[in-house]
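Trainee: Would you mind keeping the following structure in view while I ask a few things?
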Amino acid sequence: MRTADILIVGGGVIGCSIAYHLLRRDRSLRVVLLEKEEMVGMGSTARATGGIRHQFSSPANIRLTQLSLPFYMQFEEETGYSVHFRPHGYLFLTTHAQVLEEFRRNVDLQNSLGVPSRIVTPAEAAKLVPGLRAEDLVGGSFCDRDGTAEPAAAVQGFATRAQSWGLEILTQQQVVALLREGDRIVGARTQKETFQAPVVVIAAGAHSSQITATAGLEIPVHAYRRQVSVVAPIPELDVEIPLTVDMDTGFYIHRMGHSGLLLGGTDKDSRPGFSLDVDWEGLDRLLAAGCWRIPLLEKAKVVRTYVGLRALTPDHHPILGRVEALEGLVLACGDSGHGFMHAPAIGLLVSEEILDGRAKTMDLSPFRLERFGLGVQEEAQVF
Ligand SMILES: Cc1cc2nc3c(=O)[nH]c(=O)nc-3n(C[C@H](O)[C@H](O)[C@H](O)COP(=O)(O)OP(=O)(O)OC[C@H]3O[C@@H](n4cnc5c(N)ncnc54)[C@H](O)[C@@H]3O)c2cc1C
């Protein structure tokens with residue numbers, strides 16, 4: 001039996017951020033991270049677009065971005081790796097007056113929290129995205145502080161710096177069961193060995209609920225597939241454009257530097273599941289939605305299409321913190337498709353929860369497992 005002070009299950013951007021923040025505070029901690037794959041960062045994090053946005057409808061999600069983005073801006077000084085943040089903005093579009101009203105309410109909330117987002121007219125939107133079909137739009141919202149960065153660099157930075165402070169990363173160690181003694185979690189068992197620890201953190205992304213189930217704990221974290229396609233550069237669109245989302249269809253376009261365009265997001269009504277198979281009809285729907293909004297995409301040459309999993313909760317907020325019913329268990333999962341952008345904040349808050357007894361930088365009430373059923377606010381600006 002091996003021992004640790006803190007055991008982290010899952011080596012995606014969130015598990016690595018938590019390890020980093022714990023050891024940043026206290027280098028004497030024995031932190032062990034268990035990852036089932038051959039290396040860290042191969043789960044959903046490897047498939048994330050890298051988007052970072054402030055344009056949410058809930059104050060809690062906005063605050064997570066406000067805590068995270070400054071950290072990513074300083075990432076190179078902190079870790080030696082740059083995440084190459086590009087502040088090209090996010091542009092949300094709609095043809096429905098009612099949805100525009102929701103954008104207005106969200107922008108008012110964002111402005112009240114210091115986020116410089118604004119409502120744009122169809123003509124302004126057309127200036128931001130070459131070739132945009134704007135005649136059917138009623139408007140949109142835009143924030144030039146939103147942008148994208150590189151998830152792989154974030155994992156490398158967090159993991160490498162934490163390892164230099166003593167983090168032990170054990171790969172090919174799939175946790176098959178949590179160890180439970182009465183109302184306490186006291187460790188975890190992998191297919192190879194057993195680990196004992198007074199604190200076990202679940203940061204296993206879309207697989208988190210499978211792991212807590214081994215201790216009899218149901219958590220509402222469900223895996224939903226997201227399919228995206230990379231298309232070769234199109235000269236007219238080879239300029240910096242906002243990450244643009246058509247909220248009516250869910251279609252989004254993200255320019256990946258000069259290397260091409262990433263299209264995705266028309267799959268928001270798909271059922272939960274773990275299949276990573278490509279849905280070819282889904283690709284047709286995606287291209288149809290894309291070509292309607294940006295007719296230049298008729299020229300798109302699809303280079304590859306892939307699927308990743310997003311760990312969604314019913315209110316689109318993550319589940320963070322200790323669990324009342326099970327001492328020793330800490331949750332850091334269910335990030336609802338925002339886990340890359342919120343990883344610095346989640347790492348900080350979860351490290352405070354463990355080291356100080358309670359998170360101090362931000363109240364975790366909107367994120368605790370026990371919130372479900374208490375009527376907390378849902379995040380509505382999702383695609
Ligand atoms: C196509 C796509 C686009 C996205 N775009 C964005 C975006 O623009 N911005 C954004 O913020 N987010 C985005 N996301 C979401 C983002 O990828 C996730 O929120 C984030 O990667 C979650 O990080 P994580 O560490 O929780 O999960 P993961 O990266 O999945 O890490 C969990 C780790 O746990 C490991 N694991 C699982 N089970 C076990 C076990 N039993 N034992 C040991 N290890 C285990 C896995 O192998 C994995 O490495 C996107 C996701 C997809 C699929």
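Anchor point for the sequence shown: position 381 equals 381 in the numbering used here, and the numbering is continuous, going up by one each time. We put the beta carbon where it would ideally sit given N, CA and C, even for glycine.
With DSSP as the reference, please indicate the residues paired to F433 in a beta bridge.
Mentor: Here the chain has residues from 1 to 383 only, and residue 433 is not among them.
Trainee: Enumerate in chain order the residues of its own chain whose CB-to-CB distance from L178 is below 6 Å, with the five nearest sequence positions on each side excluded.
Mentor: I185, A188, T214 and A215
Trainee: Going along the chain, which residues of its own chain have a beta-carbon closer than 6 Å to the beta-carbon of D284, five neighbours each way excluded?
Mentor: Closer than 6 Å at the Cβ level, and outside the excluded window around D284, lies no residue.
Trainee: Report yes if the C-beta of T49 is less than 7 Å from at least one heavy atom of ligand 1; otherwise report no.
Mentor: yes
Trainee: I'd like to know if S229 contacts chain C, where contact means its C-beta is closer than 8 Å to some C-beta of that chain.
Mentor: In the structure shown, chain C cannot be found, because there is only a single protein chain.
Trainee: Any heavy atom of ligand 1 closer than 7 Å to the beta-carbon of S44?
Mentor: yes
Trainee: Quick check: the stretch 107-127 against the stretch 53-61, are at least 3 beta-carbon pairs closer than 8 Å?
Mentor: yes
Trainee: State the CB to CB distance for the pair S229 and T171, rounded to an integer number of angstroms; the pair is presumed to be in contact (CB under 8 Å).
Mentor: 30 Å between Cβ atoms; not a contact.
Trainee: Given a cut-off of 8 Å, decide if G308 and S44 are closer than it, judged by their beta-carbon atoms.
Mentor: yes
Trainee: Is L320 buried or exposed, if buried means 16 or more other CB atoms sit within 10 Å of its CB?
Mentor: buried
Trainee: In terms of residue numbering, what span does the alpha helix (DSSP H) encompassing S164 cover?
Mentor: Taken as a continuous stretch (DSSP letters only), the alpha helix (DSSP H) holding S164 covers P151 to S164.
Trainee: Ends of the beta strand (DSSP E) at I202?
Mentor: V199 to I202
Trainee: How about the stretch 198-209 and the stretch 3-20: do they share at least three Cβ pairs that are nearer than 8 Å?
Mentor: yes
Trainee: Tell whether a beta-carbon distance below 8 Å holds between G205 and G12.
Mentor: yes
Trainee: From what residue to what residue does the beta strand (DSSP E) around R25 run?
Mentor: Note, R25: premise wrong, no beta strand (DSSP E); alpha helix (DSSP H) at V13 to R25.
Trainee: The beta strand (DSSP E) spanning E324 covers which residue range?
Mentor: No beta strand (DSSP E) holds E324; DSSP gives it neither H nor E.
Trainee: Once the 5 residues before and after T190 are set aside, which same chain residues still bring their CB inside 7 Å of it?
Mentor: L34, Q173, Q174, V175 and V176
Trainee: What are the start and end residues of each continuous beta strand (DSSP E) run of 3 or more residues lying completely inside the stretch 178-265, in chain order?
Mentor: 184-190, 194-196, 199-202, 222-231, 243-246, 252-255 and 261-264, all fully within the stretch 178-265.
Trainee: Helix, strand or coil, according to DSSP, for I294 in the structure here?
Mentor: coil
Trainee: Mapping DSSP to helix, strand and coil, what is T121?
Mentor: coil
Trainee: Is it buried or exposed for S209, if we count other Cβ within 10 angstroms and need 16 for buried?
Mentor: buried
Trainee: How is the beta strand (DSSP E) around E168 delimited, first residue to last?
Mentor: E168 to L170
Trainee: Leaving aside the five residues before and after P392 along the sequence, list all residues of the same chain whose C-beta is less than 6 Å from its C-beta, in chain order.
Mentor: Residue 392 cannot be examined here, being either before or after the span of the chain that is shown, 1 to 383.
Trainee: Within the present structure, is the beta-carbon of R285 separated from the nearest heavy atom of ligand 1 by less than 7 Å?
Mentor: Because no heavy atom of ligand 1 lies under 7 Å away, the Cβ of R285 does not count as near it: no.
Trainee: So if DSSP puts S351 in a beta bridge, which residue, or which two residues, is it bridged to?
Mentor: Per DSSP, none; premise fails for S351.
Trainee: Would DSSP call A332 helix, strand or coil?
Mentor: Three-state DSSP puts A332 in a strand.
Trainee: Is L93 closer than 8 Å to E245 when the C-beta atoms are compared?
Mentor: A quick correction: the sequence has Val, not Glu, at residue 245. Yes, they are a contact pair.
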